[in-house]
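Just so you know, the sequences run in chain order S and W.
In this text, residue positions in the first sequence follow the numbering used here: the first is 24, and each later residue adds one.
In this text, residue positions in the second sequence follow the numbering used here: the first is 115, and each later residue adds one.
Presented below is the structure to which this report refers.
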Amino acid sequence: MSHADTRAMPGFRAEPEAIERTGTPPSSGPLIQCRRLSKSYVKGDNLITPLRDLDLDVSAGDFLALMGPSGSGKTTLLNLIAGIDRASGGQLIINGIDLSTLSRGQLADWRTTHVGYVFQLYNLVPVLTAYENVELPLLLHRMSARERHERVRTALELVGIADRHDHYPRQLSGGQEQRVAIARAIVADPMIIVGDEPTGDLDEESARAVMDLMTRLCADLGKTLILVTHDARCAAYAKRTLHLEKGRLIELSGVRREEGASANHASAGGAT
Amino acid sequence: MRMLPFQYAVRNLGRSPTRLVLAISGSWFVVLLILVAGGFVRGMMQALGATGSEDNVILLGAGSEDSVERSEILASVPGILAASVPGIRTRAGVPYVSPEVHVMLPVMTAGPGRETPGVAGAPPRQALVRGVTHGATLVHDSVVLVEGRWPRTGEDEVLVGRMAPTVLGIASEELAVGKSLVFGETAWTIVGTFAAPGTAVEAELWVPITDLTTVTKRETISCVVLTLDPYDQDTGEGAELADVDAFAKTRPDLELAVIPERAYYGKLSEFFGPVRFVVWVTAGLIATGGLFGGLTTMYAAFASRIRELGTLQSLGYRRMALLFSMIQESTLATATGGLLACIVAIMFCDGLAVRFSMGAFGLVIDQRVVSLGLLSGLLLGVVGAVPPAIRCLRPAIAVALKAV
């Protein structure tokens, strides 16, 4: 399957231009800064703490894989970075914005412009066509119908599924559905793409194709990509891999660890 | 706040045809019930409200102002009135004065084995029989002879109202001209049919007053209805209610009470207030039952896509936008049911005759009732969607994304 050259596509610009587009001045430091980040919640009589005192820096354009056993806090960290969950303690600063200061509505708006989410089970809306699914995030942006059409078409071409634009999710294979989901994640040109086991429901070949695609997009569009995965083969695509256990960062591989950094303080991409 | 596309709500309706059918048929039933209740109340109000003319005055026996059937006044009163009260409308010298006898009688159709008075066939039903003179045609201007002729005195002839079949619980063919009715131990031949659109009069049986007083063995009449010419200050012609009232007060020996005809039927309308209340309460209770059914249906529909709601929130859609879309979806279904109910009500319920103690009236499915029905359909959609939608939107996004 041939894919369009992402660098020549209208509407999609590599960071930091895309960051500037959001109206937030680009910061000189890491794109994502986690400081003593914790998440806990009460379940029945128990206080569950899936994430505790995590320090992490991620640079713009990085590709990070989060690995660890079930319940280690990978998805919790991903959800916090994606702005769909709130930390119980510590700070999470993304592109200079402390997410804990945003109201629920502001956080929703922030997600619209900053994050694209790719799910394990694709999570496409079954009553909408591939085109309409990809168009969904753009309906939250002020733009003309023509521009919207252009961007959707481009996104579908980028993931190589433009010929299936009028198909409903039930008419697509798992791999194709995930391509549509990736198109949906990138169409609004967010600075961060997150994926929660995006290949977890795919066969080996489709998984490889999806990972190839995401890696290429990340590189060409300059997006920061953070994936949760159990699969070492997928993690191998990432520039950096974080290993989490019981809510703590226990290992950072594929990147130089800063001298003297605590076991729970990692800097990815060498930004700090 | 940016909304989800309208087609999302529309297409969601098609996810489960069974649920869609349930939602539409449920709202259809509830709205139809509300329409029938509304049509009933409106029909009753209209029948009683439209009965009687603005210029008419009823003179009844003092103390019987609440029921003309209990009233008794001297048979000489009409003549005295015509001679004494100025301002009574006249046509070609004939005053608009109608002496009347109103009596509820058991009535049954005559047929083989029932020609003889007193021999019962099908069980008789109560109907209002009005004894009238030609003066009745003058004062009751809404009454129109639609078939046959006026009954002759001494011939045991009867004129039947168009709604009389409903009151008697029989087919209209059985009250065709030439057929017979049995009441007051007499067989009466039907010689004509009259209409009095939208009024309670249409359910009555009219016979010559002298024939009725004979069979009911009474020497008095029930009331006198007169039509006054509106009082003109410049010419001093015409009369007002006060003039008739003054006459009644100057003749205490006649023991008369004076009531505008509209006011009399208005009072009757008040009497039926509790009936209307019960109708609304019953409709409300059944509608509430329907609403709970709708809540369950909509909850099942929304609960099956909690993960999708979480996904849409993760894209940046706010909960209010999702709530609005779910309300759209629910309202589309209930509005469709409501619209179908309105069509059915207009086609099959409008004018449907209903029997009540005063006679009969037709259900009125007019613009107001249809508006009420459509509004109920929309309200059902909103009320039926909000609680389940809120419940399905309550989980945090991260939790919703894990929903099966």
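We put the beta carbon where it would ideally sit given N, CA and C, even for glycine.
contact_flag[the stretch 186-197 of chain S, the stretch 236-243 of chain S] where n(CB pairs < 8 Å) is 3 or more: no
Rounded straight-line distance, which links the Cα of S/S63 to that of S/N69: 10 Å
Helix, strand or coil at W/F475 according to DSSP, with G and I counted as helix: strand
W/R332 - partner residues in DSSP beta bridges: Answer by DSSP bridge pairing: none, since W/R332 is not bridged.
Range of the contiguous beta strand (DSSP E) that encloses S/R271: 271-276
S/S82 burial status per 10 Å Cβ neighbour count (16 or more: buried): buried
C-beta atoms of S/D121 and S/Q129 nearer than 8 Å: no
Backbone CA spacing between W/A517 and W/R421 [nearest angstrom]: 5 Å
Sequence-distant residues of the same chain with beta carbon closer than 7 Å to S/L74, five excluded per side: L60, S61, K62, G96, T99, L100, G270
Interface flag, S/D186 vs chain W, CB-CB below 8 Å: no
Validate contact between the stretch 260-267 of chain W and the stretch 292-312 of chain W using beta carbons, cut 8 Å, 3 pairs: yes
Environment of W/F297 [buried if 16+ CB atoms lie within 10 Å]: buried
First through last residue of the alpha helix (DSSP H) which encompasses W/R116: It is not in any alpha helix (DSSP H) - W/R116 carries neither H nor E in the DSSP assignment.
Environment of S/M333 [buried if 16+ CB atoms lie within 10 Å]: Examination of residue 333 of chain S is not possible in this model, given that chain S is present from 24 through 295 alone.
Proximal residues of chain W, C-beta to C-beta of S/N69 below 8 Å: The premise fails here: S/N69 is roughly 16 Å from chain W at the closest Cβ pair, so nothing lies under 8 Å.
Exposed unless 16 or more other CB atoms sit within 10 angstroms - verdict on W/M158: buried
Members of the stretch 398-410 of chain W near chain S, C-beta cut-off 7 Å: none
Straight-line Cα distance separating S/E220 from W/L118: 27 Å
Inter-residue spacing [alpha-carbon to alpha-carbon] between W/H254 and W/G491: 40 Å
Cβ shell of S/R193 (< 7 Å), same chain only, five flanking positions each side left out: P149
W/R239 - containing beta strand (DSSP E), residue span: 239-246
Euclidean distance between Cα positions of W/V372 and W/D346: 21 Å
Per-residue DSSP class, three states only, for W/V274: strand
Chain W within 8 Å of S/S50, Cβ atoms only: Caution applies to S/S50, whose pLDDT of 49 falls short of 50 and renders its modelled position unreliable; the value that the coordinates give is listed next. No, its Cβ sits nowhere closer than 8 Å to a Cβ of chain W.
Spatially closest choice to S/A261 from S/G84, S/E200, S/L179, by CA coordinates: S/G84
Range of the contiguous alpha helix (DSSP H) that encloses S/C257: 255-258
Alpha-carbon to alpha-carbon, S/V251 and S/L275: 14 Å
Contacts that S/G96 makes with chain W (C-beta to C-beta distance below 8 Å): What S/G96 touches in chain W: nothing, since even the nearest Cβ is about 12 Å away.
Own chain, CB closer than 8 Å to W/I511, minus 5 neighbours either side, in chain order: G424, Q427, S428
Reduced DSSP category for S/E282 - H, G, I as helix; E, B as strand; rest coil: Low per-residue confidence applies at S/E282: pLDDT is 34, beneath 50, and the placement is therefore not dependable, though the value from the model is reported in the following sentence. Looking at S/E282 - three-state DSSP - the assignment turns out to be coil, as it is neither helix nor strand.
Residue burial classification, W/A224 (beta-carbon count within 10 angstroms, cutoff 16): buried
Neighbour flag for S/L250 against chain W, beta carbons, 8 Å: no
Contacts that S/Y260 makes with chain W (C-beta to C-beta distance below 8 Å): Residues of chain W passing the Cβ test: none, with the nearest at roughly 23 Å.
Identity of the residue in W/L405, W/L486, W/A196, W/E271 nearest W/S141 by Cα: W/L405
Length-filtered (4 minimum) alpha helix (DSSP H) runs lying within the stretch 119-170 of chain W: 120-127, 131-164
Under 8 Å from the C-beta of S/R134: neighbouring residues of chain W: S428, L429, G430
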